[in-house]
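Just so you know, my numbering puts 64 at position 56 of the sequence shown, and the rest follows in order with no gaps. One structure is given here, and the rest of the page talks about it.
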Amino acid sequence: SHESNETGDYYPLGECMCPLIVLRNANNSTSKPPGCIYSCESKNCTIPDGEACYNISLLEYKKVKVNQTQNCLLGSCQNGTCVPDGQEEQCYQIEE
Numbered sequence: 009s010h011e012s013n014e015t016g017d018y019y020p021l022g023e024c025m026c027p028l029i030v031l032r033n034a035n036n037s038t039s040k041p042p043g044c045i046y047s048c049e050s051k052n053c054t055i056p057d058g059e060a061c062y063n064i065s066l067l068e069y070k071k072v073k074v075n076q077t078q079n080c081l082l083g084s085c086q087n088g089t090c091v092p093d094g095q096e097e098q099c100y101q102i103e104e
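Structure, rendered in structure tokens:
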């Protein structure tokens, strides 16, 4: 991969270096983000197409209790939208 310390207009990901908010799951598979758009330093950043996600709104995400599982719809990101694939798994929030 091409790495450089220079900042330029060529690097759309350069401004989206914030850590993703994610939900853990009971299956111990990869943690996934709620939805496919996240805020980073007042910019909206889009998760790349094909990445796994939970089809859950930020509002719903904020209601998820720490260490208390709930059903989360699985999906994959398409143009900033988490498109559900019909599967679900137990997910939960962890303490920051």
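Where a beta carbon is used, it is the ideal one built from N, C-alpha and C, also for glycine. All figures in this text were calculated on a predicted structure; none of them were measured in a lab.
- Pairing S84 with Y62, the inter-Cα distance amounts to about 8 angstroms.
- The beta-carbon distance between Y46 and I29, rounded to whole angstroms, is 6 angstroms. This is short enough to meet the 8 angstroms contact definition.
- E97 is bridged by DSSP to C80.
- Taking E96 as the centre and dropping the five residues before and after it, the same chain places the C-beta of N79, C80, L81 and L82 closer than 7 angstroms to its C-beta, in chain order.
- Going by DSSP, K70 is part of no beta strand (DSSP E) but of the alpha helix (DSSP H) stretching over L66 to K71.
- DSSP places A34 in no beta strand (DSSP E); its state is neither H nor E.
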